[in-house]
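Per UniProt numbering, residue 1 is the first one in the sequence shown, and the count goes up by one each step. Presented below is the structure to which this report refers.
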Amino acid sequence: MKTKYLISVGILCTSLGFSSCSDYLDMTPTNEVSDKTVWNSVTNAELAVNSFYHYTAYFGNYNEGQCKAGMTEGLTDLIKYGDANYNAYRYVPNELSYGETSVVDANYVATYLGNWAKVYEYVRRVNEALYNLDKYGNFAPDDVTRLEAELRFFRGMLYFDLVKRYKEVIIYDKDLTKIQPNMPLSTEEQGWDFVESDLNFAGEHLKKSATSNGRVTSGAAYALLSRAMLYAERWAKAKAAAEEVINSKLYSLVKDNYVDAFKSNSSEAIWEYDYNATNKVYHSWDNFYAPGGDKKFDGNNQVGGLANPTQEMVESYEYATTGGFPDWSAWHTTESTEENPPYSKLEPRFQASILYNGATWKGRTIEPFVGGNDGWMQWLVEKDGNGRTATGYFLRKLVDENHSFSTSQYSVAPWIAIRYAEVLLNYAEACYRTNDVNNANNAVREIRSRVGLPYSDKSGDALMAAIRQERKVELACEGFYYWDMRRWKLAQSTFSATRRHGLKIEKNANGTFKYTYVEVDHKDLSFPSKMYRCPLPSSEINGNQSVSQYPEWQ
């Protein structure tokens, strides 16, 4: 029904004759005898292709492919990195969100938000594999085509990220004879053409159903294509790609518990990367984001609590069952209130995404108040967070409640790279853009009904607003919001001239609580227009005479 990949650490790139150099021009055939041995049987070729599956993990939130300073949500109004020590995952995401020209220059942004060199390293490896498969793949033509489709899926994934980030990129294909110095940038349209071609080929030639060894499927390719074509603003193609996934009827939303959508082998997972402690393939999401009290109760010896949901994120969720947003005005005053916020009345996605005062976690109660077991800190006044929250909230989404730090400091929860819920939302937006209002409404309704929320049909701007709202809360902290706001050209207006907020919580002697609305920024957020595109790294500019820095970054 779905596809996942459990990485095998026995597959080493060195067995393929791959270079480790950082320059694309260094990636040329190295050993004809060993290449022929690897690529002249389907068994060996599949093992070779396996080495590319970890690229999926690189782009996930558990890794640094999206941002080397933590979640991209930390560059928005939804997440606050509350530790003020100057480091990635601490002050740096704040610095990026403040966007000051004197600090956030081309080199700075290329370092933390760019991935040019690493992705081109991956591109050249895929292209060499395609070259060798074409040259030496002397086995059943159907298997050759299938493996070509797998490789083109990965290349399409790589170029999708490049084009969404940089717009104009350098296009290399599998013809290694074309490799030359000083390659010029393509146009953005040419970049999207390349992505579309690769993912279409993958969708057409990969198997529809996952096999026992978890190879990439047609559904994953079409799902990724539906995502890419939204960025390209090729609405009809995004719609058609999403329909391929929907009409396959191989995937469905997890109905019983929203949290279960992020567990391995769910009906919702279209493309999944599994971690494995035995093979020492793991991540540190829980180390970074579990509430600070886990130090005391569960033995987390790392920092914890680094990213805190903001009050703005909390207020993005509706009442359970009835829908509609609470009136938060009682908690928007600098005068403290002892009225308890309506946390328990909010919809299931809130309960599954945010830990709040009084929430149950690992058999204990979350205490994000001053002096509590999880603790509260004042932004900048207390520089070292030490696991405490600056907003009154901790992240719950993707943090594993069943993970025991006393057993392992490392995490093995899977990364669900593509969910069926995203495909439905991609479809909703593509339908809206192509004036298919009925199907757009039906897709939004399906997303909301899964968590018990009502929905009434909409049209025009109200329908697009509903789609944006559902993407915001359904896909929260999965790496979509920042990039969505960028492609909608809403980032500058939303992430500028504003500050993030939280609740300072104090426990009274009688056991009740006092809540005070506080700013958790010392300066306004700012999203300069140049941030709609990442700058080229200086290494590319200095090493390529045909390339100069994008005008907005000069």
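C-beta: ideal position from N, C-alpha, C; glycine also. These numbers were taken from a predicted model, which means no experiment stands behind them.
Between Gly-392 and Leu-503, the beta carbon gap of about 4 Å places them in contact (Cβ cut-off 8 Å).
Within the DSSP bridge table, the entry for Asn-308 names Lys-80 as partners. Between Phe-52 and the set Thr-337, Val-104, Gln-66, Met-157, the nearest pair of CA atoms involves Met-157.
By DSSP's assignment, His-501 forms a beta bridge with Glu-519. A straight-line Cα-Cα distance of about 41 Å links Glu-318 and Asn-107. Nearest C-alpha to Glu-100 among Thr-516, Ala-497, Ser-546: Ala-497. DSSP places Arg-146 in the uninterrupted alpha helix (DSSP H) bounded by 141-166.
Nearest C-alpha to Phe-405 among Trp-285, Ser-34, Asn-439, Pro-537: Trp-285. The alpha-carbon of Trp-361 is positioned some 36 Å away from that of Arg-487. Using a C-beta cut-off of 8 Å, the region 374-390 makes no contact with the region 331-344, since fewer than three inter-stretch Cβ pairs fall below that distance. Per DSSP, the continuous beta strand (DSSP E) segment holding Trp-415 begins and ends at 415-419.
Here DSSP, grouped into helix, strand and coil, assigns Trp-553 to helix. Cβ contact annotation for Val-163 (same chain, cutoff 7 Å, sequence separation greater than five): Val-169, Glu-188, Gly-191, Trp-192, Val-195, in chain order.
Looking at the DSSP output, Ala-269 bridges to Arg-419. The shortest CA-to-CA distance from Lys-80 to any of Arg-124, Arg-500, Ser-353 is the one to Arg-500. In the DSSP annotation of this structure, the continuous segment of the alpha helix (DSSP H) that includes Asp-134 starts and ends at 116-136. Ranked by Cα distance from Val-423, the options Gly-479, Cys-67, Ser-252 are led by Ser-252.
Close CB contacts of Thr-337 within its chain, under the 7 Å cut and outside five residues either way in sequence, are with Ala-330, Trp-331, Tyr-515 (chain order). Proximity to Glu-204 across Leu-185, Pro-184, Leu-225 peaks at Leu-225, based on C-alpha coordinates. Going by C-alpha positions, Gly-114 is about 10 Å away from Asp-161. By the Cβ criterion, the region 226-242 is in contact with the region 415-430, since at least three pairs of Cβ atoms, one from each stretch, lie closer than 8 Å. In this structure, the beta-carbon distance from Glu-474 to Ala-413 does not fall below 8 Å. Collapsing the DSSP output to three states places Glu-506 in a strand.
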